[in-house]
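*Asks:* Protein chains in written order, with the numbering used here: chain G, 108 to 283; chain H, 182 to 546; chain C, 209 to 791. The beta carbon of each residue, even a glycine, is placed where N, CA and C say it ideally should be. Because the structure is a prediction, the values reported are computed rather than measured.
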Amino acid sequence: MAIVVKRPKLSFWEKLYLPGIIKGLGITLRHFFLSLTGKTKVSMQYPEEKWDSHLPEYYRGAPALVTDEQGRERCVACQLCEFICPPRAITIHPEEIPSEDKWAKVEKRPQEFEIDMIRCIYCGLCEEVCPEQAIFLRKEYAFTGLKREDMVHNKKRLYEIGGVREGLVNKWNELK
Amino acid sequence: MDITFILISVAKIIGLVFLTILPMVAYSVWAERRVSALIQDRVGPNRVGIPFTKIRLAGLGQPIADGIKFLLKEDFTPSHVRKGYYWLAPALTMVPALLTCAVLPFGSELFGIKMVIADLSVGPLFIFAIASLSVYGIVLAGWASNSKYPFLGGVRSSSQMISYEISLGLSIVPILMIFGQLNLSDIVMEQARNGWALLPLWGDRLSLKGFLLFIPIFISFVIFTTSMFAETNRLPFDLPECETELVAGYHTEYSSMKFALFFLGEYAAMIIGSGLAVTLFLGGWSLPFGWLVPEDGASVPFWMGALHILSFLGKVVAFILFFIWVRWSLPRFRYDQLMRLGWVFFFEIALFNILLTAGILLFVK
Amino acid sequence: MPPAATDEKKPTAETPAVPMVNVQIDGQWYQFPKGTRMIEACRQVGKDVPHYCYHPKLTSPGNCRMCLVEMGMPPRLAPGQEPEKDGEGHQPIQWIPRPAIACANTVAENMGIRTDSELTRGCRHGVMELLLINHPLDCPICDQAGECRLQEFSVEHGTGGSRFREQKVKKPKNVDIGPRIRLDDERCIMCSRCVRFTDEIADDPVLGFTERGSHTVLAVHPGHELANNYSLNTVDICPVGALTSNDFRFQMRVWFLKETKSICTDCGRGCNTLIGSREGRVYRQTPRENNDVNSAWMCDHGRLNFHYLDSELRLSAPLVKDEGVHKESTWPKAIQRAATALKAHGGSEIAVVVSSRMTNEELFMAKRLIDTLGAEHVATVPRAGEPDAYLIAADKNPNTQGARLILGLEGDLAAGLDSVRRGVADGRIKAVVTLQEDLLTPEAGFDAQTLDGLEALVVLHLLANPTAQMASVVLPGAGFAEKRGSMINVTGRLQRLNKATEPFGQSLDDWEILRDLIQAIGGGNGIYLIEDVFKQLAAGVEEFEGLTLSKIGDLGVPLIETGETVPLLERERERIAKGQIVG
Ligand code: SF4
Ligand code: SF4
Ligand code: SF4
Ligand code: SF4
Ligand code: FES
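1) When we look at the beta-carbon of Lys439 of chain H and count the other beta-carbons within 10 Å, is it buried (16 or more) or exposed?
2) Please name the residue, chosen from G:Glu214, G:Ile228 and G:Leu265, that lies closest to Trp279 of chain G on a Cα-to-Cα basis.
3) Could you spell out where the beta strand (DSSP E) holding Glu278 of chain C opens and where it closes?
4) Is there at least one non-hydrogen atom of ligand 1 closer than 8 Å to the beta-carbon of Ala435 of chain C?
5) In angstroms with no decimal places, state the Cα-to-Cα distance between Ile453 of chain H and Thr234 of chain H.
6) Just the chain G side, please: which residues come within less than 9 Å of Ile453 of chain H by C-beta, in chain order?
7) For ligand 2, any of its heavy atoms closer than 8 Å to the Cβ of Gln186 of chain G?
8) Counting only Cβ pairs nearer than 9 Å, list the residues of chain H close to Thr147 of chain G.
9) Tell me which same chain residues have a C-beta within less than 6 Å of the C-beta of Thr198 of chain G, skipping the five on either side of it?
10) Taking only runs that begin and end inside the region 375-456 of chain H, name each unbroken alpha helix (DSSP H) of 4 or more residues, in chain order.
11) Where do the ends of the alpha helix (DSSP H) carrying Ser467 of chain H lie?
12) Checking the sheet assignment: what are the DSSP bridge partners for Glu286 of chain G?
13) Go through the region 317-352 of chain C residue by residue and report every complete run of the alpha helix (DSSP H) that reaches 4 residues or more, in order.
14) Is the closest heavy atom of ligand 5 to the C-beta of Met398 of chain C under 8 Å?
15) 9 Å is my cut-off, CB to CB: does Leu345 of chain C come that close to chain G?
16) Could you check if Leu199 of chain H is buried or exposed, using at least 16 other CB atoms within 10 Å of its CB as the buried criterion?
17) Using a cut-off of 8 Å between C-beta atoms, extract the partners of Thr135 of chain G located in chain H.
18) Applying the 10 Å Cβ sphere with the 16-neighbour rule, what's the burial state of Tyr516 of chain C?
19) Provide the residue span of the beta strand (DSSP E) that contains Val666 of chain C, from first to last.
20) Shorter than 9 Å from the beta carbon of Leu131 of chain G to some beta carbon of chain H?
21) When the Cβ atoms of the region 183-197 of chain G are set against those of the region 148-158 of chain G, are three or more pairs found closer than 8 Å?
22) Would you say Pro303 of chain H faces chain G, with C-beta separation under 9 Å as the test?
23) What are the residues of the region 194-219 of chain G that lie near chain C, defined by any Cβ-Cβ distance shorter than 8 Å?
24) Give the straight-line distance between the Cα atoms of Thr135 of chain G and Trp506 of chain H, rounded to the nearest whole angstrom.
25) Less than 9 Å between CB atoms is the rule here; does Asn342 of chain C satisfy it with respect to chain G?
26) Please state whether the Cβ-Cβ distance between Ser436 of chain H and Asp256 of chain H is less than 9 Å.
27) Expressed to the nearest angstrom, what Euclidean distance is found between the alpha-carbon atoms of Ile343 of chain H and Ser313 of chain H?
28) Residues of chain G with CB under 9 Å from Val216 of chain H, in chain order?
29) At what residue ranges does the region 229-261 of chain H contain a whole run of the alpha helix (DSSP H), taking only runs of 4 or more?
30) Mind listing the chain H neighbours of Ile128 of chain G? Cutoff is C-beta to C-beta under 7 Å, in chain order.
31) Pick helix, strand or coil for Ser370 of chain C, following the three-state DSSP scheme.
32) From Arg255 of chain G to Lys250 of chain H, what does the alpha carbon distance come to, in whole angstroms?
33) Exposed or buried, what is Thr538 of chain C when buried is set at 16 or more other beta-carbons lying within 10 Å of its beta-carbon?
34) Does any C-beta atom of chain H lie closer than 9 Å to the C-beta of Gln310 of chain G?
35) Use the C-beta contact count for Lys262 of chain G: other C-beta atoms within 10 angstroms, 16 or more gives buried, fewer gives exposed.
36) Contact criterion: CB-CB distance below 9 Å. Does Gln240 of chain G meet it with respect to chain H?
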């Protein structure tokens, strides 16, 4: 079925385009002079000025792993984040928790958990998909490295960035 | 040939091309970035100044840093390209752009020497002849890249340039009719004495005929400027590059200095275009209201010659800023609109404009 | 959609005399042979009925109730009353207000089935909700997640919420019930598939249920463990993650695995398999149904015998021996070296030991090599073992039939090997090429001293082994999961392997190595693809005539008669004939 698109009827002056062009030029000229005379607020002069202290709680910086109040690593290596990650930044090597471990009943944990920060696009899908509330986008955003390997966050680094997160659902801790 | 003539010409070429136009090219890039930033309420490049100091000079070091970056980047030639033509193409866009400046009078006289590299009696024709060569650079780049986006860009640019060359040529016919000659130096001299084409407020042109002729001249000016945008592939006519559709158009496959040559070629063409517009419509190097017009035969003092050069450069810079201003204000045309504008409107209007001028010249005494 | 005529499960295929009955499924009339289970009838017309306990190869206890559907029959007629019929000869259907299970009931004349009615949907909601009452929130750590029927049916047929506010029943988790299997009782839905499998198929009834009501748990009989050689099949048929494989445990999530249809090369049976791989690594093998080879099962030994593919012994680059030391080399150099070493010898001085573990295509290239070299001594290494009463064949080589056919070997294979061994020992044979065989194993029976006396020893193998250690040139070949090709199993069936992963490191497909070697020795060939090899094989060996690799299909084609039968399949056919299982 063909869809009929109704075009707006233009008046003579509109058809001539010239008034429109001049109006547009006028707008940009106004912005030009306002900026030139410092009347417009411009962006921050990073890195001298930073906004870090104003970052909201929901700020989407680097993804990181968190532990709970009892020091348990929340991630159980379900690899859903690895699956959902659009640029495939995450690599997980799962392992079985040895039976002498305090949290042996959780059975599974990541042996290694790597996020390649060159690949990560800070989309937050990993946080959204995680069934264990184990991965969160934190406020860190400035990472540099001299080698590609420097830009890969390993499990240790991820827990450093993530820290302890309280008040989440703790399904493993009580009854299991 | 006379050795002094050669030496003087070389000096003029160096002075104009290497000491004036090329730095202007670099700084028009800087201007473009700063102005666009101001228009968009941003800051723009404001950091690069004198290295190892905290002096920033509002980012005036940026073009130099960019130049060094371009030179140091990997010059990558994809394996699937036609090497010879691929390497030729960037040069072919840059060179014609610079060649056209040969006939532009950029000042009156300095030490008794006429400030134009080649004082041809067919100035505008020369400019059109050479400028139309630059389409080859783009077409070659598009074809030799052997890849679809550059190819589409190349095809677009050739049809666009050919279409707009016609209105560009026709649009200045009225001017040539009015001044009755093709020597750009003489045209400028005439304007200096008798009023700029776009400012008939003194001399002979402060008359009914002058005012009547202002109408076709203004139409010419609008067509000329618009076509100039199209010829230099500047927004709103940058369809050959058109990053939203064609990645980067004809120079998609280029990197490093080869890319820079395309990039700079565009700005060089823009400067020369501005120079031509200034020469034809805004009195070239002359000052308004017939001030400090050099007498026939009398020698021009140094300060006056310098002032004329500055006046020319000032007008060119203003024109460039206008170019930039337009680029950051208007959206890109659709390709069919572009073609319609060129063939259906500008072509007809320019033809009609010639008849109008002829009529005025004939009947109004 | 009418039932597919080629469907192998339709009893008509064997017993065409069975009368057909008319059945209405979701408003459309179809014909099925009398005795077809309702669930199968629905499946055949594309209306899948969700089920847990029903498995066509096992008896149907009907205990999960997931397959409930709405059923109707024609009205009961008064004596002498004529049945009312519509234009097409069907009687009206009287729908029964109570649902019936589709897995254990058979179709009848003029029966009606509704797989998508209000009642059916309500039943499924209810069954799902009850099944999930005590189910743990284990999906993130459960190996079944991604191929779990409980997950799938929760999405398709569940309510999306639970009204259960009480404490869930706690049951044993992570229970060791055998050397290869872990049990999680909280996840078990008591479908009893595993119990029936160990009882009916593996004849090792060690599993059963204890306790009652919602405290019922699956357990092994005290003092026993689930250790038989078919135990891992219970992991496959367990619809949930209650039984998981120790070998695959926590290795990889199933949704990352690429599944490649192939066959097991652990013995001459050639059980059909799916190879699960990701990014160049094989993670598991599972059986694939083929009712002429392995039914739906495979043995644990074959299933787990793939870890050598990424073992530390894997050769990753061609090696050339200089002054007693192996050095990594490039392919062209190594091939050239091997060719020069072999060309220096006459045909009577060269022996080629070919492996019956190679595919037909590789054997064909080996034959080419033998002809190019003019080698007069050719042998394979026979491997005889104990057959079992299920699937395992006596022949431990997967392609002995192919080797006989293509290499033209006749009679006693052991004698052939013996003569090569003697030739090497008494110095008549000066150069040996061994393809995918380690000569210093008990089966091959060479000894290091005699091999040491050789002038040239070229080894094509995928692992570093003692023979490779002695070789002048070592060419790293591919493993079974890394190649496409065909093999002939003990019953004479031609079956196809497919490439799941790329050959390890720099190693190449065996046929490519052989092709290059033949070329370097001086024989030309126009071979660029494995398909080309098969084409030439089909032209050269009469039995393969008219076949191509793609014509073999996923289930293989019978090629030659060997008179072998499969004990497990024999029993299965008997049980089908008795109507115990669907098959
Ligand atoms: S934020 Fe997005 S891109 Fe980054 S790791 Fe998470 S899912 Fe991947
Ligand atoms: S972070 Fe969350 S989603 Fe990712 S593996 Fe761990 S538990 Fe799964
Ligand atoms: S058996 Fe299925 S539903 Fe239960 S935890 Fe495992 S994946 Fe989840
Ligand atoms: S363990 Fe699996 S197959 Fe066995 S009864 Fe439980 S759910 Fe069924
Ligand atoms: S499948 Fe029918 S009751 Fe389980």
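*Replies:* Short version:
1) Classification of Lys439 of chain H: buried, given that the 10 Å Cβ count is 16 or more.
2) The residue with the shortest Cα to Cα distance from Trp279 of chain G is G:Glu214.
3) Where Glu278 of chain C is concerned, the enclosing beta strand (DSSP E) stretches over Leu276 to Met281.
4) In this structure, Ala435 of chain C has its CB at a distance of at least 8 Å from all heavy atoms of ligand 1.
5) Spanning the two alpha carbons is a distance of roughly 36 Å.
6) For a Cβ distance threshold of 9 Å, nothing in chain G lies close to Ile453 of chain H: the least Cβ distance comes to about 23 Å.
7) Checking every heavy atom of ligand 2 against the Cβ of Gln186 of chain G, one is found closer than 8 Å.
8) Correct list: Leu219 and Asp222.
9) Apart from sequence neighbours up to five positions away, the residues of its chain that approach Thr198 of chain G with a beta-carbon distance below 6 Å are Glu221, ordered along the chain.
10) Taking 4 residues as the minimum length, the alpha helix (DSSP H) runs contained wholly in the region 375-456 of chain H are 389-412 and 424-427, in order along the chain.
11) Ser467 of chain H -> no alpha helix (DSSP H), and no H or E assigned at all.
12) Nothing about residue 286 of chain G can be reported from this structure: the residues present for chain G run from 108 to 283 only.
13) Fully enclosed alpha helix (DSSP H) runs of 4 or longer: 326-340.
14) Here the distance from the Cβ of Met398 of chain C to the nearest heavy atom of ligand 5 is not below 8 Å.
15) Judged by the 9 Å Cβ criterion, Leu345 of chain C is in contact with chain G.
16) For the sequence presented, residue 199 of chain H should be read as Phe rather than Leu. With a threshold of 16 other beta carbon atoms within 10 Å, Phe199 of chain H falls short and is exposed.
17) The answer, in chain order, is Ile220, Trp506, Trp509 and Ser510.
18) With fewer than 16 Cβ atoms within 10 Å of its Cβ, Tyr516 of chain C is classed as exposed.
19) Residues Ala664 to His669.
20) This sequence places Gly at residue 131 of chain G; Leu is not what is there. At a cut-off of 9 Å between beta-carbon atoms, Gly131 of chain G makes contact with chain H.
21) Flag = no, the region 183-197 of chain G and the region 148-158 of chain G do not touch.
22) It should be noted that the sequence gives Val, not Pro, for residue 303 of chain H. Chain G places no beta carbon closer than 9 Å to that of Val303 of chain H, leaving this residue out of the contacts.
23) Answer in chain order: Pro201, Glu202, Glu203, Lys212, Val213, Glu214 and Lys215.
24) A direct Cα-Cα distance of roughly 8 Å separates Thr135 of chain G from Trp506 of chain H.
25) Asn342 of chain C is outside the set of residues whose beta carbon lies under 9 Å from a beta carbon in chain G.
26) At a Cβ-Cβ threshold of 9 Å, Ser436 of chain H and Asp256 of chain H count as neighbours.
27) Straight-line measurement puts the Cα of Ser313 of chain H at about 8 Å from the Cα of Ile343 of chain H.
28) Close partners of Val216 of chain H in chain G (Cβ separation under 9 Å): Phe139.
29) Qualifying alpha helix (DSSP H) stretches, in chain order: 243-253.
30) Ordered by position in chain H, the residues that pass the 7 Å Cβ test against Ile128 of chain G are Leu511.
31) The answer is coil: DSSP assigns Ser370 of chain C none of H, G, I, E or B.
32) When the Cα atoms are used, Arg255 of chain G and Lys250 of chain H turn out to be separated by approximately 22 Å.
33) The Cβ neighbour count for Thr538 of chain C, taken over all protein chains shown within 10 Å, is under 16; the residue is labelled exposed.
34) Past the edges of chain G, shown from 108 to 283, lies residue 310 of chain G, and the structure says nothing about it.
35) With 16 or more Cβ atoms within 10 Å of its Cβ, Lys262 of chain G is classed as buried.
36) Cβ-Cβ to chain H under 9 Å: no for Gln240 of chain G.
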